[in-house]
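Undergrad: Sending over a structure as structure tokens; questions will come in a sec.
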Amino acid sequence: MTAVSKARRKIAIIGGGPAGLMAAEYLSAQNRDVTVYEAMPTVARKFLLAGKSGLNLTHSEEFSRFSERYGDANDWLRPSLDTFTPDNVREWAAGLGTETFIGSSGRVFPVAMKASPLLRGWVARLRAQGVAILTRHRWTGFDADRLILDTPEGTKAIEADAVLLALGGASWPRLGSDAAWLPWLRDRGVETTDFLPANCGFDVAWSEHFRERNAGAPIKSVVASVTSDDSLPGEFVISRHGIEGSLVYAHASTLRARLMQTGTSALVLDLMPGRARERLTRDLARQDRKASLSNRLRKGAGIDGVKTALLRELCTPDVLADPASLAARIKGLEIPLVAPRPIAEAISSAGGIRHDAVDENFMLRKLPGLFAAGEMLDWEAPTGGYLLTACLATGKAAARGIEAWLAR
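Numbering (this note's numbering), first residue to last: 350 to 757.
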């Protein structure tokens, strides 16, 4: 793609998720001729699915803290986030007729608690600004310098003055993010990192007895950690395969890294964060040694149900019989992990186009005129609105980059 005359420029956006649609909104407002090509029958399918149980748009915490939620990509993403902050996300949604509120966790949701009204308003705005949205148009690779699409009318080559790739990562491939594009860019010399599951569950070698009795049970009101300084309160769920849920996802990056580096990793639980270990030891020691474990835990520690089952599963009989040892496990119970769940099940993915493969405007250094945004880029973040906000912010930043490149 090369710069041309001052005639109305044609912009092609490959991928109709949040990053692509945000870029289309910005560029069409600059009087660009914008076409969005989407492989699926409708746009933003992952966005819609995420919004079925309450669309988490962004987070209300202080922006200085918010902008540090992206790990190694914090500095790289900060300029994009500065120009499209969580407050800007809320203002943008309000402009589309979607009022928002802050939940008890600080997360921001639409009052309607679903994504479909927001998406309808968004698509209506795009069409009013002249954006063409072509569904069932799948990118299938390059032919020389042209991008080739498989369409209902057959194979087509894109003719555009600039192209934005916004194809997502590798999670939830049934909704369109299948990372099929990765080898095509690698063949063109674009530096990429293999995709890995992020915000994912983990396999645990449960006994069959524990699995059959407790799969689906929530573990509530606990504090989880991996290192000495990353403790977080919350809850998670026992699954047939292992563990999943928000508290697990919050530690997924560290857990995954340790498994890759050492082959071992564990989520450490404080099952009774409101009681000190010393008090638990005293209270458990007062219990009748002839009483059942369930009764001793219920009366001495306020623990019952699936937490009791978890202690039985992960502690040896001698630990369960000794008050001091049992108290130590209650305050620091390790769940040893086997592996992350498959990337197809993950909420998001890590990996993709490396930071140094794009310039400050999100243009691929090896392919001038070709830009990238959203989860195609190598960054990850916890759930809580950080993922969607960064997709929107990088989509807008890449659109600004296209404008800057066309102006040269």
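A virtual CB, placed ideally from N, CA and C, is assigned to each residue, including glycine. In this text, all values refer to a predicted model and were calculated from it rather than measured experimentally.
Using the Cβ count rule (16 or more neighbours within 10 Å means buried), how would you classify Thr732?
TA: Position 383 of the sequence shown holds residue 732. Flag for Thr732 reads buried.
Undergrad: Check each candidate in Ser556, Leu513, Ser641 and name the one with the smallest Cα separation from Met712.
TA: In the sequence shown, the residue the question calls residue 712 occupies position 363. Selected option, being the one with the closest Cα: Leu513.
Undergrad: Quick check: what's the CA-CA separation for Glu593 versus Thr484?
TA: By 1-based counting over the sequence shown, the position of residue 593 is 244. By 1-based counting over the sequence shown, the position of residue 484 is 135. In a straight line, the C-alpha of Glu593 is about 34 angstroms away from that of Thr484.
Undergrad: Which residues in the same chain as Asp552 place their Cβ atom closer than 8 angstroms to its Cβ, once the five residues preceding and following it in sequence are excluded?
TA: If you number the sequence shown from 1, residue 552 lands on position 203. Answer for Asp552: His590, Gly591, Leu686, Val687, Ala688, Pro689, Arg690, listed in chain order.
Undergrad: Are the beta-carbon atoms of Leu545 and Trp530 separated by less than 7 angstroms?
TA: Translated into the one-based positions of the sequence shown, residue 545 becomes position 196. Translated into the one-based positions of the sequence shown, residue 530 becomes position 181. Not a contact, by the Cβ cut-off of 7 angstroms.
Undergrad: Look at Tyr386 and Ile363 and say whether their C-beta atoms are less than 7 angstroms apart.
TA: Taking the sequence shown and counting its residues from 1, one reaches residue 386 at position 37. Taking the sequence shown and counting its residues from 1, one reaches residue 363 at position 14. Note that the C-beta distance between Tyr386 and Ile363 is below 7 angstroms.
Undergrad: Roughly how many angstroms lie between the CA atoms of Ser465 and Leu397, to the nearest whole one?
TA: Looking up residue 465 in the sequence shown gives position 116. Looking up residue 397 in the sequence shown gives position 48. Roughly 6 angstroms between the two C-alpha positions.
Undergrad: May I ask you to report which of helix, strand or coil DSSP gives Val553?
TA: In the sequence shown, residue 553 corresponds to position 204, counting from 1. Correct three-state label for Val553: coil.
Undergrad: Could you tell me which residues DSSP puts in a beta bridge with Tyr386?
TA: Taking the sequence shown and counting its residues from 1, the one referred to as residue 386 is at position 37. Bridge partners of Tyr386: Ile363, Leu483.
Undergrad: Could you spell out the range, first to last residue, of the alpha helix (DSSP H) harbouring Ala625?
TA: Within the sequence shown, numbered from 1, the residue matching residue 625 stands at position 276. Note, Ala625: premise wrong, no alpha helix (DSSP H); not H, not E.
Undergrad: Quick check on Lys395: buried or exposed, where buried means 16 or more other Cβ atoms within 10 Å of its Cβ?
TA: Position 46 of the sequence shown, counting from 1, holds the residue named residue 395. Result: buried.
Undergrad: Can you look up Met462 in the DSSP assignment and give me helix, strand or coil?
TA: In the sequence shown, counting from the first residue as 1, residue 462 sits at position 113. The answer is coil: DSSP assigns Met462 none of H, G, I, E or B.
Undergrad: Apart from the five residues on each side of it in sequence, which residues of its chain come closer than 6 angstroms, Cβ to Cβ, to Gly583?
TA: As a working mapping, residue 583 is identified with position 234 in the sequence shown. Result list for Gly583: Ser595, Leu596, in chain order.
Undergrad: Give the C-beta separation of Lys715 and Arg560 to the nearest angstrom, bearing in mind that I take them to be a contact with Cβ-Cβ under 8 angstroms.
TA: For the purposes of this step, residue 715 is taken as residue 366 along the sequence shown, with counting starting at 1. For the purposes of this step, residue 560 is taken as residue 211 along the sequence shown, with counting starting at 1. Not a contact, Cβ separation roughly 48 angstroms.
Undergrad: Return the residue from the list Thr738, Ala721, Ser698, Cys740 that minimises the CA-CA distance to Pro522.
TA: Position 173 of the sequence shown, counted from the start, is the residue given in the question as residue 522. For Pro522, the closest C-alpha among the options Thr738, Ala721, Ser698, Cys740 is that of Ser698.
Undergrad: Applying the 10 Å Cβ sphere with the 16-neighbour rule, what's the burial state of Thr738?
TA: The sequence position of residue 738 within the sequence shown is 389, counting from 1. Thr738 should be labelled buried.
Undergrad: Where does Thr657 sit, in a helix, a strand or coil, going by DSSP?
TA: For this step, residue 657 is matched to residue 308 along the sequence shown. It is helical.
Undergrad: Between which two residues does the alpha helix (DSSP H) harbouring Ile679 extend?
TA: Reading the sequence shown from its first residue, position 330 is the one you call residue 679. Looking at the DSSP string, the run of the alpha helix (DSSP H) that includes Ile679 is 672 to 680.
Undergrad: Please confirm if the stretch 406 to 414 is in contact with the stretch 735 to 749, defined as three or more CB-CB distances below 8 angstroms between the two stretches.
TA: yes
Undergrad: Less than 6 angstroms between C-beta atoms, sequence neighbours within five positions excluded: which residues of the same chain meet that for Ser574?
TA: Numbered from its first residue, the sequence shown carries residue 574 at position 225. Closer than 6 angstroms at Cβ, skipping near neighbours: Ser580, Val617.
Undergrad: Do the stretch 598 to 611 and the stretch 674 to 684 meet, that is, are 3 or more Cβ pairs less than 8 angstroms apart?
TA: no
Undergrad: Smallest Cα separation from Val392: which of Asn563, Leu475, Ile568?
TA: If you number the sequence shown from 1, residue 392 lands on position 43. It is Leu475 whose Cα lies nearest to the Cα of Val392.
Undergrad: State the DSSP-derived secondary structure class of Val512, mapped to helix, strand or coil.
TA: Indexing the sequence shown from 1 puts residue 512 at position 163. In this structure, Val512 counts as strand in the three-state DSSP scheme.
Undergrad: Would you kindly report the start and end of the unbroken beta strand (DSSP E) that includes Ile451?
TA: The residue given as residue 451 occupies position 102 in the sequence shown. From DSSP, the beta strand (DSSP E) with Ile451 extends over 449 to 451.
Undergrad: Less than 8 angstroms between the CB atoms is what I'm expecting for Trp533 and Phe491, so what's the real figure, rounded?
TA: Position 184 of the sequence shown, counted from the first residue, corresponds to residue 533. Position 142 of the sequence shown, counted from the first residue, corresponds to residue 491. With 8 angstroms as the limit, Trp533 and Phe491 qualify as a contact, their Cβ atoms being about 6 angstroms apart.
Undergrad: Per the DSSP calculation, Met712 is bridged to which residue(s)?
TA: Here residue 712 is taken as the residue at index 363 of the sequence shown, counted from 1. According to DSSP, which records beta bridges pairwise, Met712 is partnered with Phe720.
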